[in-house]
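Below: the structure, in structure tokens.
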Amino acid sequence: MDSVKILSGMGVKGPACIRLDVGGMRLILDCGTGPDEGAEFDPAWLADADAVLITHDHVDHIGGARHAVAAGLPIHATRQTAGLLPAGADLRLLPERGVTRIAGVDLTTGRNGHAAGGVWMHFDMGEGLFYSGDWSEESDWFAFDPPPPAGTAILDCSYGGFDVAQSDCIADLDDLLEVLPGQVLLPVPPSGRAAELALRLIRRHGPGSVMVDDACLPAIAQLPEARGLAYATEARFLVCDTPNAEAGAAWRHLQAWRDAGRLGRDAHVVFTGHMNAHARAFCDRPGGHFRRWNVHPPLRDQRRMLERLAARRFAPAFCPDPEIYLALDMGAQVFMHQEVTP
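So for the sequence shown, this note's numbering puts the first residue at 116; every next one is plus one.
Structure, rendered in structure tokens:
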């Protein structure tokens, strides 16, 4: 019998893993790790799987792909997402916009507005099954394609009941950056908000004020605005990988500032996305700040998506407290841990 079940990602922010049984095949949608330390992919989730489909290249959706490669499973992903697959992957390319026949059903993919090469997935089965992966409709950088109707939806509800528009979040960030003295580090995922955040800083403060590290540079290097970027570490704003500053250039800058006694004086770090324990620890010290840059849908967009889909039921995925949706009027029935038939 065709069915879908959330194996991981319900009641927690990742790792993402959905099991879909359709047409006599078992498909695994996403195979993430983290983003919090210790949140690993369980290889048992691949039991009896015939293929893996990955929505985008962020670690909480792709970090467990090595287990799928080790199992010899075909992995369906877009060309951009495939760049982060381990060597030896049995890759089957998905279009960013288009229809692919899998397990005897049409899989429609569309751009998710969240990450380079990121897609949502719509399966033409029953009344329709929509899996958003992570998505956003507020980005000025990443395109979003509206999906077709679906009776069952698994939605990115990472922000829960948070309902502040991106324009207001950006204004709040601008206000903070205006008053912070000295240098400011903004840790980001290279294929996520790196480019749009860097572009905002360039347009507001000038290219000479922004340094983009080597990991993030390819996302913005083709823009005319990027030609005057300052590559010196003395730039006022440093846009660097990794998003929680636990590795990469972001960690090296943060460590150097801390060791030199600069953090909280003439050096600051501003986190703008999901924070793991490492990032939260820095925010508890002088010099650590948080201002959200919307890369997931606020509540108003979650509701609008359900209306667009004409969904009869939905699962609030990636939300630490999904029970809040039982008390919210979403226009659709909530399901959480149970296996359901689309």
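Heads up, the beta-carbon is just placed ideally off N, CA and C, and yes, glycines get one too. It should be emphasised that the depicted structure is a prediction, and the values quoted were computed from it without experimental measurement.
Closest Cα partner of residue i within the set the options
i: Arg400; options: Ala382, Ala313 and Thr196; result: Ala382
i: Pro296; options: Ala350, Arg134, Pro413 and Gln281; result: Ala350
i: Arg207; options: Leu288, Gly243, Pro189 and Phe259; result: Pro189
i: Gly233; options: Asp255, Gln281, Ser254 and Asp172; result: Asp172
i: Arg407; options: Pro263, Pro437, Leu332 and Leu312; result: Leu312
i: Phe259; options: Gly129, Arg134, Arg226 and Leu244; result: Arg226
i: Phe429; options: Gly139, Glu242, Gly198 and Phe405; result: Glu242
i: Gly198; options: Val174, Val325 and Thr357; result: Val174
i: Pro358; options: Ala371, Ala392 and Ile121; result: Ala392
Euclidean distance between Cα positions of residue i and residue j
i: Gly379; j: Gly403; result: 7 angstroms
i: Leu316; j: Asn409; result: 16 angstroms
i: Leu424; j: Val385; result: 36 angstroms
i: Val184; j: Pro435; result: 29 angstroms
i: Phe352; j: Ala336; result: 17 angstroms
i: Leu369; j: Leu300; result: 8 angstroms
i: Pro304; j: Asp249; result: 14 angstroms
i: Cys398; j: Gly388; result: 13 angstroms
i: Thr156; j: Val167; result: It is worth fixing the name first, because residue 156 is Phe in this sequence and not Thr. Between Phe156 and Val167, the C-alpha separation is close to 13 angstroms.
i: Pro201; j: Ala186; result: 12 angstroms
i: Pro431; j: Val449; result: 7 angstroms
i: Val220; j: Val455; result: 18 angstroms
i: Met390; j: Ala396; result: 9 angstroms
i: Pro130; j: Ala159; result: 14 angstroms
i: Glu253; j: Gly228; result: 8 angstroms
i: Met236; j: Val214; result: 10 angstroms
i: Gly446; j: Leu414; result: 13 angstroms
i: Glu152; j: Ala362; result: 13 angstroms
i: Leu144; j: Met240; result: 15 angstroms
i: Ala330; j: Met116; result: 45 angstroms
Cβ separation of residue i and residue j, assumed to be a contact under 8 angstroms, to the nearest whole Å
i: Gly126; j: Gly149; result: That pair is no contact at about 16 angstroms.
i: Phe257; j: Val137; result: The pair is not a contact, with the Cβ atoms about 28 angstroms apart (cut-off 8 angstroms).
i: Leu314; j: Leu291; result: Contact doesn't hold; Cβ gap of about 18 angstroms is too wide.
i: Leu421; j: Gly276; result: Not confirmed; about 15 angstroms, so no contact.
i: Leu147; j: His176; result: As written in the sequence, residue 147 is Gly, which differs from the Leu given in the question. Between His176 and Gly147 the Cβ distance is about 5 angstroms, and since that is below 8 angstroms, they are a contact.
i: His360; j: Trp366; result: Looking at the sequence shown, residue 360 is not His but Ala. Sure, about 5 angstroms apart at Cβ, within 8 angstroms.
i: Pro412; j: Tyr246; result: 14 angstroms between Cβ atoms; not a contact.
i: Arg141; j: Asp163; result: 5 angstroms
Three-state secondary structure (DSSP) of residue i
i: Gln448; result: strand
i: Asp328; result: coil
i: Leu95; result: The structure shown does not extend to residue 95, since the chain is modelled only from 116 through 457, so no value can be given for it.
i: Arg427; result: coil
i: Leu338; result: coil
i: Leu295; result: coil
i: Pro302; result: strand
i: Met420; result: helix
i: Arg319; result: helix
Query raised in the report: Can you give, in chain order, each stretch of the beta strand (DSSP E) that sits fully within the stretch 246-292 and has at least 3 residues?
Result: You should have 267-271.
Query raised in the report: In chain order, which alpha helix (DSSP H) runs of at least 4 residues are fully inside the stretch 167-251?
Result: Here the runs fully enclosed are 174-177, 180-185 and 194-197.
Query raised in the report: What are the start and end residues of each continuous beta strand (DSSP E) run of 3 or more residues lying completely inside the stretch 341-418, in chain order?
Result: Fully enclosed beta strand (DSSP E) runs of 3 or longer: 352-355, 382-386 and 403-405.
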